[in-house]
Each structure stands twice: as structure tokens, then as C-alpha cells.
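With full-length UniProt numbering applied, the sequence shown corresponds to residues 1 to 551, in that order. Okay, structure first, notes after.
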Amino acid sequence: MSKDDIAMAPTRDSGEVPGEMLKTGQPLEQGDEYANNGASAPQGQLRRSFRTRHVQMIALGANIGSGVYVSSGTALRNGSAPGMLIGYGLICIMAMTMMQVLSEAQSLFPTSGSFIDHASRFVDPALGFAIGFCEWFGALTVVAAEGAIVPIVISYWNTSIHAAVWYTIYLIVVIGQHLLPNRAFAEFEFGTGVMKVTFTFVVLFTMLVICCGFGGDSIERGYNYTSLSAFPNGFKGVASVFLLASWATGGQEIIGISSGESAFPRWELPRAAKNLFIRILLIYMSACVYITVLVPYTDPKLLDHSSKIASSPFVIVMEKVGIKVLPDIINVVLLIGLAGIGSESLFIASRVQTSMARMGYFPRIFGKVDSLGRPLYSTISCGMIAIVMTYINLSSGGSTAFTWFSSVSATTTFFAWMTIPITNWFMHRALVAQNDPALQLKHAFRLKWYPLAPAFLFVATLFTFVCTIYVSASPIGDKPSATAFFENMLCAPLFIFAFVGYKVYFQSKVQDPQTADLQSGRRLLTEDELEYLDNYYAQPLWKRLLSYVTF
Numbered sequence: 001m002s003k004d005d006i007a008m009a010p011t012r013d014s015g016e017v018p019g020e021m022l023k024t025g026q027p028l029e030q031g032d033e034y035a036n037n038g039a040s041a042p043q044g045q046l047r048r049s050f051r052t053r054h055v056q057m058i059a060l061g062a063n064i065g066s067g068v069y070v071s072s073g074t075a076l077r078n079g080s081a082p083g084m085l086i087g088y089g090l091i092c093i094m095a096m097t098m099m100q101v102l103s104e105a106q107s108l109f110p111t112s113g114s115f116i117d118h119a120s121r122f123v124d125p126a127l128g129f130a131i132g133f134c135e136w137f138g139a140l141t142v143v144a145a146e147g148a149i150v151p152i153v154i155s156y157w158n159t160s161i162h163a164a165v166w167y168t169i170y171l172i173v174v175i176g177q178h179l180l181p182n183r184a185f186a187e188f189e190f191g192t193g194v195m196k197v198t199f200t201f202v203v204l205f206t207m208l209v210i211c212c213g214f215g216g217d218s219i220e221r222g223y224n225y226t227s228l229s230a231f232p233n234g235f236k237g238v239a240s241v242f243l244l245a246s247w248a249t250g251g252q253e254i255i256g257i258s259s260g261e262s263a264f265p266r267w268e269l270p271r272a273a274k275n276l277f278i279r280i281l282l283i284y285m286s287a288c289v290y291i292t293v294l295v296p297y298t299d300p301k302l303l304d305h306s307s308k309i310a311s312s313p314f315v316i317v318m319e320k321v322g323i324k325v326l327p328d329i330i331n332v333v334l335l336i337g338l339a340g341i342g343s344e345s346l347f348i349a350s351r352v353q354t355s356m357a358r359m360g361y362f363p364r365i366f367g368k369v370d371s372l373g374r375p376l377y378s379t380i381s382c383g384m385i386a387i388v389m390t391y392i393n394l395s396s397g398g399s400t401a402f403t404w405f406s407s408v409s410a411t412t413t414f415f416a417w418m419t420i421p422i423t424n425w426f427m428h429r430a431l432v433a434q435n436d437p438a439l440q441l442k443h444a445f446r447l448k449w450y451p452l453a454p455a456f457l458f459v460a461t462l463f464t465f466v467c468t469i470y471v472s473a474s475p476i477g478d479k480p481s482a483t484a485f486f487e488n489m490l491c492a493p494l495f496i497f498a499f500v501g502y503k504v505y506f507q508s509k510v511q512d513p514q515t516a517d518l519q520s521g522r523r524l525l526t527e528d529e530l531e532y533l534d535n536y537y538a539q540p541l542w543k544r545l546l547s548y549v550t551f
């Protein structure tokens with residue numbers, strides 16, 4: 001078959017791994033084929049109803065919430081300015097590399113299982129099950145964790161209403177939209193993403209103005225380390241920033257999972273990866289610079305444990321210069337961010353559960369999709385678990401248990417970012433072994449700097465993960481204890497137990513590159529898509545750049 005014949009072949013873009021997978025990771029049967037238009041998807045398949053603007057805004061607005069506005073204060077307190085810049089800087093570089101590595105496999109195999117599916121088909125089903133289970137459970141804890149913060153944010157204005165009321169409103173907003181057609185989630189994420197990004201740029205511009213002199217002598221500026229220690233907690237302080245930065249900037253894997261329901265994955269996913277670079281540069285790193293210039297790590301309000309909002313470095317700065325309105329805006333952004341991230345996390349959990357059910361990892365009933373393209377069984381079950389996890393925060397004992405559970409999401413990022421480069425290596429190995437020209441076809445997305453990029457991602461992730469283990473075993477300002485350790489590291493034994501348990505019970509083997517599945521869920525470019533890409537790359541550079549800021 002020639003390259004032209006391959007380009008003309010029908011697309012297989014069901015967005016799912018068809019059939020049920022055995023311990024070998026191979027599908028029992030092939031799935032249905034359907035066109036790009038989500039409306040033409042047959043019953044039982046997820047619909048490709050996400051458009052370019054949806055995928056781009058999910059990428060641009062994802063994770064703008066408590067990780068940026070609140071946890072940054074803890075990172076500054078523990079790591080000081082140098083530690084914060086080093087920690088966030090490295091994690092941000094890793095995030096950008098991860099999206100590039102993921103985009104290569106996901107553009108060719110845009111299944112909603114994403115790297116979980118890729119790990120099963122190219123590496124070992126045990127790896128797919130372990131990382132999938134951690135992603136699923138971790139996403140559910142994020143839904144509850146974001147909900148638990150809502151009453152804290154609301155307390156900035158009102159403390160008389162019981163937290164259960166705010167939990168209920170939050171859960172109705174987050175779960176309710178997923179009971180509607182899939183497009184409702186996409187539009188919700190687009191709308192909240194636009195608001196989050198807009199408000200965040202207003203806040204960051206205000207911080208820039210203050211850095212340039214607004215507020216006069218009411219606030220100190222600069223890195224005044226003549227009398228302060230650059231690394232007050234030594235290497236341990238920097239190590240603690242890695243975990244906080246991964247919480248704030250991690251979770252970008254949702255882009256891969258959401259591309260399983262996008263209309264044009266080859267176009268949308270790489271662009272989302274490039275937009276991530278813009279978000280990291282203009283939001284995360286600029287925020288780090290402004291915070292470290294304007295707030296010393298010794299500021300007493302950073303130690304305020306009575307209110308997470310009061311310890312936000314953004315609020316500290318604005319109160320010092322007498323700005324009364326923007327702190328309210330920050331809280332509004334936080335509320336929008338909490339709802340958006342909660343919705344994204346429920347989306348991840350339900351899609352991961354659906355994919356894993358179709359791979360034979362979960363009961364088959366959770367793999368069913370209704371006539372509107374909704375995985376209702378997975379959505380309802382995930383919603384029920386999230387409800388229970390959210391409400392247990394109302395009791396002191398439940399809150400302690402939830403703290404342990406939520407640690408899964410904090411460190412799942414490290415396991416995901418180590419899995420993705422491994423699957424990339426094994427995919428390349430399978431393509432070479434089977435003499436498959438997929439990455440040499442016209443307009444195929446090819447990873448730059450292969451194999452250096454996945455090697456860097458794996459080594460850097462392993463390093464930051466070891467640092468997290470170290471600071472969890474020997475926490476800052478506290479004695480080593482099992483409680484302190486597993487508040488950060490519960491995901492590690494969970495991942496190991498899931499991997500070893502599956503490996504032993506099913507006796508799964510590492511996939512043979514000669515027989516690894518290179519067909520299920522594969523999506524080759526159609527004639528119309530090839531023509532679209534031809535026209536796009538024929539444009540001058542300025543027009544191509546302009547397309548990144550239009551929807």
C-alpha cells in the first residue's frame with residue numbers, strides 16, 4: 001500500500017479502544033468507523049463534538065485556580081524566591097515537554113483512553129491498568145478537593161451559611177452539566193476558561209504595575225537577600241516546591257483525553273500543546289516573578305493558617321497597596337476556577353472509567369455510551385463517588401481520611417509523566433518493527449528532538465519524584481511520620497499494588513513490538529484534512545500565528 005493509499009483509507013476515530021482487552025492487551029473485536037461529524041457517530045460511541053476553540057481553551061484555562069492563587073504562597077514560604085523560581089521553572093519545562101511527547105501518539109491514536117490506552121497496547125497491560133486506576137481515583141479526589149475549597153473562598157464574604165450548602169451548589173453545577181450532551185461540558189469549559197484567563201491577566205497586569213512603582217513605599221520590591229537567606233529550608237525547601245508546582249501546573253493530560261472527542265485531533269492537539277507554552281510563560285512564570293519580587297518569604301501573612309485566601313500572595317500585595325476591588329475579583333476567579341477544574345476532573349474520571357471498561361479493566365457496563373454520546377453509567381457512578389468524597393469533609397474524621405485520599409492526585413502527575421515517555425519509546429519501537437510509515441506520512445505530527453525529549457521528561461520526572469519522596473519522609477518543620485509521608489505519597493503504594501497485583505493475577509507480559517496493536521483507534525488524515533493543512537502551511541507566518549488567538 002502506498003502512502004497515498006494510506007492517506008485515502010477510511011478513518012477509525014471512534015475515540016475508544018474497541019472491544020474488550022485481555023491480559024495481552026489486544027482487542028477482541030474492531031470498533032465502528034464513523035466520520036468526523038459527531039452527529040454521525042453511531043450509538044454506543046463517544047461523539048467528536050469538541051471544536052478547536054474548546055480544546056484550545058481547555059488547554060489555556062486548565063488548572064487556573066487554587067494552585068496558582070493559593071498554593072503559590074506555600075511554595076514561596078517553603079522555597080523562598082530562588083526555590084520557587086527553580087521549582088516552578090523545572091516543572092513548567094517538564095509540562096511543555098510532556099505535551100509534545102503525548103501529542104505524537106495521541107494525534108495518531110486519539111482514543112479517550114489516551115496514554116492509558118497507549119501504555120496497554122505498546123508496553124504492558126499492567127502499566128495501563130495501574131496508571132489508569134490512579135488517574136481515575138485521583139481525578140475523583142480533585143472533584144471533591146475543589147469543592148472543599150468553595151466554602152473557604154465564600155467565607156471571604158459570608159461565614160453564616162453552612163458549608164454543606166456550598167458543597168451542594170458546587171456539585172449540582174459540576175455534575176449536572178455532564179448529564180447534558182457532551183457539547184454542554186465543552187461550552188462550559190470554554191466560557192469559564194475565557195473568564196479565568198481574562199481575570200487572571202487583569203490580576204497579573206496589576207501586579208506588573210505594582211512592580212513598576214504603583215503603591216509607592218507601602219510595599220518593598222526586589223530580592224532583598226542581604227538580610228534574608230536565599231534558601232531558608234535548604235534543598236528541602238526546593239523539593240517541596242516541586243510537589244506544589246506539579247499540583248498547580250500538572251493535569252495537562254486532560255488535553256489528551258479530551259482529544260478523544262475532538263473533531264480534528266491532528267490539528268487541535270499540537271496547537272493546544274503550543275498554547276500551553278503561552279499559558280506557562282504568561283501566567284505561571286510571570287506570576288512567580290511578580291510574587292517573589294513583591295512578597296518576601298518571611299511575610300507573616302504567608303503563615304496565616306486561619307484562611308487560605310489571606311495567605312494568597314496576590315491578596316497580600318493588593319492589601320498592602322490599598323487595592324480593595326481586585327481581591328474580590330481574585331475570589332471570583334477562584335470560584336470559577338474551582339468549578340472549571342472540578343468539571344474537568346469529573347470528565348477525566350468518567351472517560352478514563354469508560355475506556356478502562358472497554359479495555360476489560362472495569363465492569364463492562366461502564367463502557368456503555370448512550371445515543372447522545374454520553375457515558376452515563378460512568379458519569380453517574382463517578383458523580384456518586386465524588387459526592388461522598390466531598391461531603392465527608394463535613395466531619396473531622398472524614399476530613400482526615402480525605403486528606404490522605406487527595407494525596408493520590410498530588411503525585412499521580414509524576415507517574416503519568418513517567419509513563420508517557422515510556423509509551424512513546426515503545427510506540428516508536430513497534431512502528432519500526434512493523435515497518436509502519438505512520439510518522440512519515442504527509443502532515444503527520446512528529447516529535448522534535450526524539451529521543452532526547454522523552455528521555456529528558458522521564459529523568460526530570462524521576463528526579464522531582466524522588467525529591468518529593470525525600471521531603472515527604474522528612475517534612476519541613478515537622479518530625480518524620482507515616483501520616484506526614486502518606487499525606488503526599490499515597491499514590492506510590494497504590495500504583496505499585498495495582499501494577500504488581502494485575503501482573504501477578506493476569507500474568508501479563510510486555511508487548512511484543514512485532515505484534516503490538518497499531519490499528520485500533522488509529523486515525524489517518526482524510527482528503528479534506530490534508531487540504532486544510534496544505535492551505536494552513538501555505539500561509540505566511542504572521543497569519544499562522546494570528547490563528548492561535550482566534551477561535
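Note that the Cβ used here is the ideal one computed from N, Cα and C, for glycine as well. Since the structure is predicted, the reported quantities are computational estimates derived from the model, not experimental observations.
Distance between beta carbons of residue j and residue i, contact taken as under 8 Å
i, j, result
"Gly147", "Thr464", "Between Thr464 and Gly147 the Cβ distance is about 28 Å, and since that is not below 8 Å, they are no contact."
"Val293", "Gly222", "6 Å"
"Thr379", "Leu179", "7 Å"
"Lys196", "Ile336", "6 Å"
"Ile316", "Val295", "6 Å"
"Pro454", "Ala230", "Not quite, the Cβ-Cβ distance comes to about 33 Å (not below 8 Å), so this is no contact."
"Trp166", "Pro151", "5 Å"
"Val143", "Ala386", "4 Å"
"Ser246", "Phe414", "7 Å"
"Ser311", "Gly73", "5 Å"
"Val352", "Ala139", "7 Å"
"Gly342", "Tyr170", "7 Å"
"Met359", "Asp517", "Not confirmed; about 11 Å, so no contact."
"Phe190", "Gln177", "About 12 Å; that fails the 8 Å criterion."
Close-in-space but distant-in-sequence residues of the same chain around residue i (CB under 7 Å, 5 per side omitted)
i, result
"Leu439", "Leu431, Arg446"
"Met98", "Gln252, Trp417, Ile420, Leu457"
"Ala119", "Leu127, Gly128, Ile131, Thr419, Thr423"
"Met94", "Trp417, Leu457, Ala460, Thr461"
"Cys211", "Arg221, Tyr290, Val293, Leu294"
"Leu494", "Cys134, Val408"
"Pro265", "Gln106, Ser107, Pro110, Ser259, Arg523"
"Ser71", "Leu244, Trp247, Ala248"
"Arg429", "Pro513"
"Thr411", "Thr468, Asn488, Met489, Cys491, Ala492"
Sequence-distant residues of its chain with Cβ nearer than 6 Å to residue i (five each side left out)
i, result
"Lys368", "Tyr377"
"Ala339", "Val173"
"Ala75", "Met84, Val241, Leu244"
"Leu269", "Ser103, Gln106, Ser107, Ser259"
"Gly89", "none"
"Phe485", "Ser472, Ala473"
"Thr192", "Ile336, Gly340"
"Gly383", "Ile175"
"Tyr297", "Leu76, Arg77, Ser80"
"Pro375", "Ser350, Thr354, Val369"
"Asn331", "Val153, Tyr156"
"Met207", "Tyr290"
"Ile323", "none"
Beta-carbon proximity list for residue i, same chain, < 8 Å, skipping 5 on both sides
i, result
"Val202", "Leu326, Ile329"
"Leu204", "Leu282, Ile283, Ser286, Ala287, Tyr290"
"Tyr502", "Pro125, Ala126, Phe129, Ala130, Ser508"
"Glu531", "none"
Residue-chain proximity (residue i, chain B), Cβ-Cβ < 9 Å
i, result
"Gln514", "The structure shown contains no chain B, having only a single protein chain."
Three or more beta-carbon pairs under 8 Å between the stretch 95–114 and the stretch 287–303, yes or no? By the criterion of at least three beta-carbon pairs nearer than 8 Å, the stretch 95–114 is not in contact with the stretch 287–303.
Using 8 Å as the threshold, is the stretch 416–432 in touch with the stretch 119–129, meaning 3 or more CB pairs across them? Yes, the stretch 416–432 is in contact with the stretch 119–129.
Between the stretch 530–543 and the stretch 156–164, can you find at least three pairs of beta-carbon atoms closer than 8 Å? They do not touch, by the three-pair rule.
Counting only runs of 4+ residues fully inside the stretch 216–291, write out the alpha helix (DSSP H) ranges in chain order. 234–249, 254–258, 265–279
Alpha helix (DSSP H) runs wholly inside the stretch 298–383, at least 4 long, in chain order: 313–320, 326–358
Alpha helix (DSSP H) runs wholly inside the stretch 162–187, at least 4 long, in chain order: 163–176
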